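Structure record follows, encoded as structure tokens.
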Amino acid sequence: MNVIDLTDPPPAAKRPRRAEPVVETIVLDDGDQNGGPTGGKGAAVSEAGTAKPPADPKWLKHRGVKRAMGEFRDLLTLVQKGTVPFSDLELVGDDAMKWRFKVRQFDNALLGGRAMNQDLAELKRRYGQDYVLMEMAFPNDYPNRPFSLRVVSPRMMWYSGHVTAGGSVCMEMLTTSGTDRSWQASFTVEGVLLVALSNMIDCESVVVRTATGPGGRSGPLRIDLDGRYFHNPMIEYSEMEAKAAFQRMLQHHAANGW
23 MNVIDLTDPP PAAKRPRRAE PVVETIVLDD GDQNGGPTGG KGAAVSEAGT
73 AKPPADPKWL KHRGVKRAMG EFRDLLTLVQ KGTVPFSDLE LVGDDAMKWR
123 FKVRQFDNAL LGGRAMNQDL AELKRRYGQD YVLMEMAFPN DYPNRPFSLR
173 VVSPRMMWYS GHVTAGGSVC MEMLTTSGTD RSWQASFTVE GVLLVALSNM
223 IDCESVVVRT ATGPGGRSGP LRIDLDGRYF HNPMIEYSEM EAKAAFQRML
273 QHHAANGW
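Using the working numbering, the letters of the sequence shown correspond one by one to residues 23 to 280.
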């Protein structure tokens with residue numbers, strides 16, 4: 023049995039991987055090479071008949087609000103197409119640097135995903151909510167520093183799914199610890215969220231001992247349906263709770279490593 027000594031967070035999460043463009047070999051006739059009868063531009067094609075990878079998005083060179091809003095618009099398009107595992111992406115009070123989204127379905131192919139989906143079904147039966155509400159907040163110099171990620175509601179079991187007692191998501195990729203697993207300016211919101219949501223339900227189960235909390239067993243994300251840690255799971259985590267728990271996590275890992 024593995025035993026770890028933490029202040030709040032479970033073990034480090036996987037690092038996001040940069041997606042490599044898919045290059046396909048295509049065959050064109052003479053008409054297609056000149057735009058074809060449809061007049062469509064199509065993808066640029068080299069002499070070898072291989073499609074060139076798509077150009078980097080324009081927002082990639084920006085910082086701050088321009089960068090955040092560029093990513094928001096592209097991510098909103100993916101949400102509307104249903105190609106990402108979350109929905110209802112929106113700005114919080116028209117603040118370009120603070121977003122919220124909902125996760126209604128986790129990967130049912132994973133044991134942790136099935137357990138969370140069962141929890142969500144029970145949450146809906148008891149309280150009428152069938153999703154996890156999450157929030158991101160961006161620093162003014164993003165992407166030089168990472169955005170923060172937290173659960174707003176419902177309340178989760180402590181030490182589950184890399185979620186602290188205050189609702190903040192604790193993964194090394196969301197810190198500036200300086201290791202090769204920490205935040206890199208080349209990371210994107212889409213890539214980080216996909217890794218984070220996967221790691222929240224696909225993580226190691228270990229015994230946790232803490233200096234301030236009751237300790238317990240970490241593992242995949244679970245909802246505190248029975249009020250083990252808080253009397254009502256529908257009471258939202260506050261930003262203050264999330265920030266305080268995240269700072270405790272940083273202090274712990276600064277002293278003990280990841």
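The beta-carbon is built from N, C-alpha and C at its ideal position, and this holds for glycine as well. For clarity, every value in this text was computed on a predicted model and none was experimentally measured.
The shortest C-alpha to C-alpha distance from Ser240 to any of Arg250, Leu215, Val154, Ser227 is the one to Ser227.
Per DSSP, Lys124 lies in no alpha helix (DSSP H); the unbroken beta strand (DSSP E) holding it starts and ends at 117 to 125. Unbroken beta strand (DSSP E) stretches of 3 residues or longer found wholly inside the stretch 164 to 224: 170 to 175, given in chain order. In terms of Cβ geometry, Gly134 and Asp202 do not form a close pair [threshold 8 Å]. Assignment of Gly241 by DSSP, reduced to helix, strand and coil, places it in the strand class. Less than 8 Å divides the Cβ of Leu145 from the Cβ of Pro176. Comparing alpha-carbon positions, the option among Met179, Ala73, Glu112, Ala207 lying closest to Leu82 turns out to be Ala207. DSSP, read as helix, strand or coil, puts Leu247 in coil. Rounded to whole angstroms, the gap between the alpha carbons of Trp180 and Pro75 is 43 Å. Ala131 sits in coil when the DSSP states are folded into three classes, being neither helix nor strand. Between Thr186 and Met262 the beta-carbon gap is near 13 Å, outside 8 Å, which marks them as no contact. At least 8 Å separates the beta-carbon of Asn162 from that of Met193.
Cα atoms of Val106 and Val211: separation of roughly 12 Å, rounded to the nearest angstrom.
Residue environment for Leu219: buried (at least 16 other C-beta atoms within 10 angstroms of its C-beta).
For Asp110, the enclosing beta strand (DSSP E) starts and ends at 109 to 114. Counting other Cβ atoms within 10 Å of its Cβ, Asp141 reaches 16 or more and is therefore classed as buried.
Bounds of the beta strand (DSSP E) holding Ala159 are 154 to 159.
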